[in-house]
Structure formats: C-alpha cells, structure tokens
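In the working numbering, the protein residues as written are 540 to 1290. Virtual Cβ for every residue (Gly too), placed ideally from N, Cα, C.
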C-alpha cells in the first residue's frame, strides 16, 4: 500500500480537530467534488485530496457522536439516581476514592463516568450498585500549557464526572462476562501485592503500575521524582513496555525452536505469534486501557510490516497503524501519549533507515537509536509539557533496560504466579529502584520552555529530521540554530513601567502571576494538584524559569497547596506569607511576614503589601493583600479576605485603594467584596477565580449582582479560563487566554 494513502487519511483526521466549528457535511461534498476534475491527470493528488476530505469528515462525525453522548451542560450539577457498575480499579488518595464506572439512568441512557466517593467506601471490581450521583460534564481548567480535561475526557471516552451520594444499594457482587472476569483478575492481582509489608509498599505499588497499569497506586510525590529524570513514561504500561515484552516473548520462542528436536517450519511466524500473544496478555492485564490498546495496535502493525520487508515496509506499517488507530478512535489525536509513542517509533525507524550499513557493534546501534529518540522528543516534550529534563538521555539509557528487561518481566511473572517470596523480592527490588531514582532526581534540573508559536515548533520538528539524515552534515548548523531558537524562545516581556497580570484558571483556588520587564511574582499557587497540572506548566509556558517572589496569602490548601512544588521547581528568591507559622518546610528559603506594609519597586512598577490592622479571628482574615501600581493604573488582589478585613483596609487606606482591576476576595463568596469596598476600589474589571460547577456556587449570585450594580465587568475563570490583564501605565486591557474554542470544546463558555 502506498504511504500517501494512510497519510492522507491521518492528515484529514488531524485537521478535523483544528476546526473552530463543525462544518455542514455538504461542504465536504463540495471539497471532494473539487478533486474530481484532476482525477484523470493527477490521480495521486486527487486521491490524496479525497482521502483527506474523508478523514476530516470522519473525524468530525465521530467526535460529534462522542460529544452527543456526554452529560448535557444544561443539567450541570443535577443529582440523578442511577445503576452504577464499577468498571475500573478504585483508588484511594486519602481524600476520596476514584474509579471509572458505567452509569445507567432509569431511561436506559448510559454514561462512562469518573466517579468520586468522598466517603471512601469499598467499590469491588465489577460490583453493581444503585445510588444517587451528582453529575457534571467533564469541563476543567483552561491555561496556556496546562492539562486539558476536555481533551483527556474525549481521548479516554469519559462522558461525565460524578460524585457518589450518601446511600447506596448493592445489586450484584459481580456480573458475568469477559470484561468483568478480567477486571476481577486484575483486582485479585492488586490484592496479592497489597498484602506485602509496609517497608516495601512503594515497591509493590511500582509493580502494580508496571503489571496491571495501576499508575495511581504510586503517590504523587513519586511522580515528582520521575519528572526531572524524564522517566514518567516508564511507570505505566506504555508502548515501550508492551513492545519489549513482545520482543522478549519472540526471543524466547526463537530459543525454544532452536532446542526442539523437530522444529516447525517458518520460525518467523512462530516468533511473531509469540510476541503478539504476549502483547495481548500484557494489554489484558492492564485492562485493555485505551492507551495500551493503541500501543498494541501500533506495535503489531509495525512489527508485521517490518517482518515482511525491512524498514521501507516498517514505514508502511507505521502509517497503517496510525491510520487504523485514528479509524477506530479519532480522539486518539488528542492524547499526548499517542504522539510520544508514535514519535519514538518513527525516530527509531528514521535512524534505522539512515544507517549506511557500516556493520558497527550492536551497542553503537543502540546508542544511535537512543540519540534519535532523544533528539526527536525535544520539540514534542517541550511543546506538550513546557519543560525538558536534561538528565533524561542518561537516565533513560540506564533505566530503559533495567525496567524493560528486568522489572517489567519480574512484575508480570510475580503477578501471574503470586507466590509471596517472589512478590516480596520484586517489591524489594522496586523499592530500592525508587530510592535510587529519588537520589538521582535531587541533582536533576528541569529546563522550562515557553510556549513556542506554531511556525517555530514546525521548524524544530523539521530541524530534527534534517539532523538525523545520514548525509545532512552540511545542514546541521542550520538545524542547530533552529533547535536553539526553540529551546531558548521567550515571549517578549512588558517594557519598563508596564505590568502584566495573569489570573490562572486553577479550579476552586487562586494563582495570580505578575510580570514586569525583568521580574516575576506569583500570588498563591492553587491546590497541590492544580499546581502540578496547571500553575507550573502555565508559568513555564509564559517563560518563567525562576520567581523573584512567591506570595502565599494564607494557609489554605486551595491557595498554598502547591507551594512545595513551586518552591522546588522555580526557586523563588523570597517567600512572603500571611501565616509564617505554617511554612517551615519550604527548603532553605526564609519566609517573611506579609503584614508589614512593605513596599518595593521593580522596573518602574510599584508593589505594596497592604497591612490589615487588628487581630484576625480566622485564617481568611489573615490573608495578604497586594496592590501593584503601573503609572496611573493599579491591580489589587485580596486572597480570601472577608468583609471585616475589607472594612479595616477602608479605614486605613480609603480611596487610595482605587484600582482598575480587582481579584474578588474568597473566589466571589458573599462574605467578601462588599459594596463599600467595591466603591472604594472602583475597578473596571473584577475577576472571580473559581472552579467550574463548584459546590459553593462561587461567584455567588449576590456578588455578581453587586459587581454589575457598580458597572464593573465581571471576568470568570470557571466559565472562560485564564485571564490576561495588561497595563501600559495609562489604560488596562483584559483578554481571555483562549478567546475562541475548537468545536469539540465547551469551554470557554458563552456568557
């Protein structure tokens, strides 16, 4: 099959996700009709156009079907009695139990949901219950560089997010069927690992992640260890592990055929069959999760094609695998893991196709492949995660063989044959592996990358391809310049006397970033999860590598939960806090009290910490208040300060509180943002930082009415995502980070 056939279809599917709206299908008919006149004279071009059109139409059609299956936006927050089947392994993170479940309404409508149970009850695999669920569509945060919940939900087939009610009725311990039997098997394997003693608990969790794909078994702290080493892809049932297990099975079959007295013919077929069977079993143990199925299909297609005709056929297999996966599930185009897996295989194929047949040793070929994979991953990893781990090549060179050839086979063997001594030995080895990685991570920095414009990203990808050419030495200086530009790119900062404020979308929390010509300040971090998934990636995407100051308004997890991560990653020069007694564990950085009325100036912009007089009665009342003045404009942020605290500010500062932009106190609760305070500040813009569908209903209707009654424009992160406000010293402008959405996105929502 010519490569241009699957590549045209793939290009069409990818194009479908870049459309701002779902076009009418008659438009595709017009598109296809344009190719008919050139069909006779330029058949390849015409077929390419037709297949691209077909791929785009197919991608839009399938995505529209998936969106129609979601929980409706107009029924956000509705509580409904449903029949629920536990379709995944439940995970307890200490705050709640989470699992994937299939929920069915009384009318027979089914939804695939991510279920949260804050009562932390047991949910046996395959069990069926009747209970009330509070339902909402899978809408999350929207920031530059941050995790997109909508893309994740679409790529993983999640139709809704649900919260379990207080009472539930057990309808069945289990259901009969292949999927439930497989789920129970995975549950038994997990239980066998959980019986091990606490001293190897983390090692056992690593074995569960490697054998049955239970990544959540490892605590979030360990994922922070893997990130600076670039090893996150190893702690899951990834394409790499599935491929290595398939290779190991094929090699064992080859050795078996050599010792058999009467070996069957066509050994390559037997080796391929053994590899495919091993990949199938491994994927089954991982629950046939969507990413695992994609990896299995990719490996099977590429391996089969390679066995038939070398690298050229392998490229056909690669394109065929990509086309097959996008045919089965077009939303795979939104999964970062898909592109990293396919990109890794493509880099290895490219490096193999560029060999000159010099007959060098196997380890030279291995190093060449490692170099190709590392170089190819630079643009993709930098674009997707806004950071690069410089230690990744060395760490992966050592860790990939260790994980693929020892830990993964050991985890699988100990899972399928759960003898206590074998499992203890595997967990002990996993525990010590984690400790070694933690020691390495202490000395492994991360290189933050700003969000590069599309032309620069595409140029970097082209530069990688040129660099890997066998006879591309003459072009490598050009490629090096382009890659350096990609790695060093920074968006232009404000000029002297100007100020930028970004109210990040961190859900039900607060994180506000200030930038002057050469300084960076972060006011609050959001929760620990939001800091990891939103705040830190967004700051790096804005070009931040170090903070000049980190300000933590008060001790509340939705404001300071991410402080340890931010302090470790961005190493602020100073930390200012509202409650110093709570911040002894932020490394060697000395914390300072923000209630001192301190003032300073950066690049022509004046900053002042406003002092709230008197004894505070609760944590919210001890919030730091920051006012930043650029020329004749000002921004003010009050944390969770309540109306009593606002009254004290009015008594001390009065009309000097005047500012063009106000971040509403306490996420827009009725206990903040009094009419008198709004009168004194008299802002043009009031920003409410709150989570979509939050249970507190922030910003409350009362506060919204107050704001509008004062003629103030209300900006909301829960509905519109992150907001960027800029001052030129005379006027303030406000704009959404993402003013428009793709057709498959619901956020930003219309007012």
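Determine whether the beta carbon atoms of residue i and residue j lie at a separation below 7 Å.
i: residue 1168; j: residue 1177; result: no
i: residue 1214; j: residue 1242; result: no
i: residue 1276; j: residue 683; result: yes
i: residue 711; j: residue 925; result: no
i: residue 1261; j: residue 1044; result: yes
i: residue 1230; j: residue 1161; result: no
i: residue 628; j: residue 640; result: no
i: residue 1011; j: residue 1005; result: yes
i: residue 690; j: residue 652; result: no
i: residue 1066; j: residue 1095; result: no
i: residue 731; j: residue 778; result: no
i: residue 934; j: residue 693; result: no
i: residue 545; j: residue 858; result: yes
i: residue 1228; j: residue 1049; result: yes
i: residue 853; j: residue 888; result: yes
i: residue 588; j: residue 574; result: yes
i: residue 1007; j: residue 919; result: no
i: residue 1257; j: residue 1210; result: no
i: residue 966; j: residue 746; result: yes
Leaving aside the five residues before and after residue i along the sequence, list all residues of the same chain whose C-beta is less than 8 Å from its C-beta, in chain order.
i: residue 723; result: 664, 665, 713
i: residue 670; result: 620, 621, 623, 703, 704, 706, 707, 708
i: residue 1106; result: 1089, 1114, 1125, 1126, 1128
Go through its chain and collect everything with a Cβ distance to residue i's Cβ below 7 Å, but skip five positions before and after it.
i: residue 881; result: 837, 861
i: residue 767; result: 928, 930, 980, 983, 984, 985
i: residue 1285; result: 612, 676, 678, 689
i: residue 840; result: 856, 859, 860, 863
Have a look at the DSSP bridge pairing and note the partners of residue i.
i: residue 704; result: DSSP, once it has assigned bridges, lists no residue as partnering residue 704.
i: residue 637; result: 630, 655
i: residue 620; result: 671
i: residue 1039; result: 1054, 1265
i: residue 1275; result: 1262
i: residue 1172; result: 1169
i: residue 1116; result: 1091, 1132
i: residue 649; result: 643
i: residue 699; result: 652
i: residue 764; result: Paired residue(s): none; residue 764 is not in a bridge.
With DSSP run on the structure shown, which of helix, strand or coil describes residue i?
i: residue 725; result: helix
i: residue 989; result: coil
i: residue 855; result: helix
i: residue 683; result: coil
i: residue 613; result: helix
i: residue 1091; result: strand
i: residue 1137; result: coil
i: residue 1251; result: coil
i: residue 1177; result: coil
i: residue 1149; result: strand
i: residue 1166; result: strand
i: residue 733; result: helix
i: residue 643; result: strand
i: residue 1224; result: strand
i: residue 1233; result: coil
i: residue 542; result: coil
i: residue 1062; result: strand
i: residue 820; result: helix
i: residue 1188; result: helix
i: residue 625; result: strand
i: residue 926; result: strand
i: residue 709; result: strand
i: residue 1219; result: helix
i: residue 799; result: coil
i: residue 1200; result: strand
i: residue 1144; result: strand
i: residue 1283; result: coil
Residue i and residue j look like a contact to me (Cβ under 8 Å); what is the Cβ gap, rounded to whole Å?
i: residue 917; j: residue 1022; result: 7 Å
i: residue 1028; j: residue 989; result: 5 Å
i: residue 954; j: residue 751; result: 7 Å
For residue i, which residues from the same chain have a beta carbon less than 6 Å from its beta carbon, with the 5 sequence-adjacent residues on both sides left out?
i: residue 1112; result: 1087
i: residue 1267; result: 1037
i: residue 1172; result: 1199, 1266, 1271
i: residue 831; result: 776, 822, 825
i: residue 595; result: 551, 554, 555
i: residue 618; result: 671, 673
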